[in-house]
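Chains as they are written, first to last, in the working numbering: chain A, 1 to 127; chain B, 128 to 254. Worksheet for the structure shown next.
Number of protein chains: 2
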Amino acid sequence: MADLEPAVSRETEADPPPWFDVHMFVCTNRRPDGHRRGSCAARGSEPLRDYMKARAKEMGLGRLRVNSAGCLDRCEFGPVIVIYPEGVWYRAETREDIDEILTVHVRDKGRVRRLMLTEKDVPPGKG
Amino acid sequence: MADLEPAVSRETEADPPPWFDVHMFVCTNRRPDGHRRGSCAARGSEPLRDYMKARAKEMGLGRLRVNSAGCLDRCEFGPVIVIYPEGVWYRAETREDIDEILTVHVRDKGRVRRLMLTEKDVPPGKG
Numbered sequence: 001m002a003d004l005e006p007a008v009s010r011e012t013e014a015d016p017p018p019w020f021d022v023h024m025f026v027c028t029n030r031r032p033d034g035h036r037r038g039s040c041a042a043r044g045s046e047p048l049r050d051y052m053k054a055r056a057k058e059m060g061l062g063r064l065r066v067n068s069a070g071c072l073d074r075c076e077f078g079p080v081i082v083i084y085p086e087g088v089w090y091r092a093e094t095r096e097d098i099d100e101i102l103t104v105h106v107r108d109k110g111r112v113r114r115l116m117l118t119e120k121d122v123p124p125g126k127g
Numbered sequence: 128m129a130d131l132e133p134a135v136s137r138e139t140e141a142d143p144p145p146w147f148d149v150h151m152f153v154c155t156n157r158r159p160d161g162h163r164r165g166s167c168a169a170r171g172s173e174p175l176r177d178y179m180k181a182r183a184k185e186m187g188l189g190r191l192r193v194n195s196a197g198c199l200d201r202c203e204f205g206p207v208i209v210i211y212p213e214g215v216w217y218r219a220e221t222r223e224d225i226d227e228i229l230t231v232h233v234r235d236k237g238r239v240r241r242l243m244l245t246e247k248d249v250p251p252g253k254g
């Protein structure tokens with residue numbers, strides 16, 4: 001049977017196990033005040049990242065990492081977070097939002113629909 | 128049939144399509160010179176990130192983004208890159224390494240074994 005599988009599938013099977021089970025990237029790009037697109041840091045992403053790191057550690061969520069990232073290019077919908085490997089994007093504006101993402105998405109493997117970005121959340125000029 | 132599927136599977140199916148097909152994170156964390164662990168920026172990751180951004184654009188690789196990231200915590204093996212959604216990690220030290228990753232991994236959906244980090248690449252004290 002294995003011989004019938006496509007090469008790409010075999011490559012994937014041979015990949016090392018995930019280094020982090022949950023890898024969260026919080027945009028902390030900062031643009032000057034008054035910039036047309038705004039920026040996640042100007043919308044408060046840095047303290048939210050710090051809170052998320054601390055809460056995730058307290059909750060003992062396993063092989064999880066919260067990282068800062070440069071501009072994720074969905075600035076208008078920030079503060080923006082993307083979670084891999086599933087590639088789900090959220091907008092988090094408060095500590096309560098962060099708690100809900102950690103509890104519902106990460107711990108319980110569900111989705112926080114009210115905070116999720118979709119394919120309709122397209123920055124102006126990018127459509 | 129759909130009723131028999133587990134809840135997590137249904138959640139996944141309902142996720143929005145990937146915003147980026149290939150999302151590459153280059154660690155650009157910089158520690159002071161002489162730090163025990165070193166850092167990816169001290170190992171030259173910033174110009175490699177710039178080169179990767181420019182080359183990916185030239186190659187027309189579609190919905191791909193190259194982002195800077197904070198410390199990915201595999202400093203000893205840097206400059207470190209992680210590619211999602213597949214979660215494959217690479218060490219890239221030269222422009223030729225970047226070209227090979229973009230060509231073989233991203234364009235051809237293969238793997239660059241000689242540059243790939245595996246589960247054996249564990250930072251000292253983290254095993």
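Note that CB positions come from ideal geometry on N, CA and C, so glycine has one too.
If I follow the unbroken alpha helix (DSSP H) through serine 166 (chain B), where does it start and stop? Element bounds for serine 166 (chain B): n/a, residue is neither H nor E.
Provide the residue(s) that pair with isoleucine 210 (chain B) in DSSP beta bridges, ordered along the chain. B:Met151, B:Val215
Is there a Cβ of chain A sitting closer than 7 Å to that of valine 215 (chain B), yes or no? yes
Compare the C-alpha of glutamate 187 (chain B) against each of B:Ser172, B:Lys253, B:Val233, B:Ala219 and name the closest. According to the sequence provided, residue 187 (chain B) is glycine. The question's glutamate does not apply to it. The shortest C-alpha separation from glycine 187 (chain B) is found at B:Val233.
If you measure from the beta carbon of alanine 196 (chain B) to each beta carbon in chain A, is any gap under 7 Å? yes
Start and end of the beta strand (DSSP E) containing alanine 196 (chain B)? 191 to 196
Is there contact here, the segment 82 to 91 of chain A with the segment 47 to 64 of chain A, by at least three beta-carbon pairs under 8 Å? no
As a quick exercise: from A:Phe20, A:Glu100, A:Ala69, pick the residue whose alpha carbon is nearest that of arginine 201 (chain B). A:Phe20
Using the C-alpha atoms, what's the distance from valine 153 (chain B) back to glycine 70 (chain A)? 10 Å
Own chain residues within Cβ distance below 7 Å of alanine 129 (chain B), not counting five before or after: Because the pLDDT at alanine 129 (chain B) is just 47, under 50, the model does not fix this residue reliably, and the value given afterwards should be weighed accordingly. No residues qualify anywhere along the chain.
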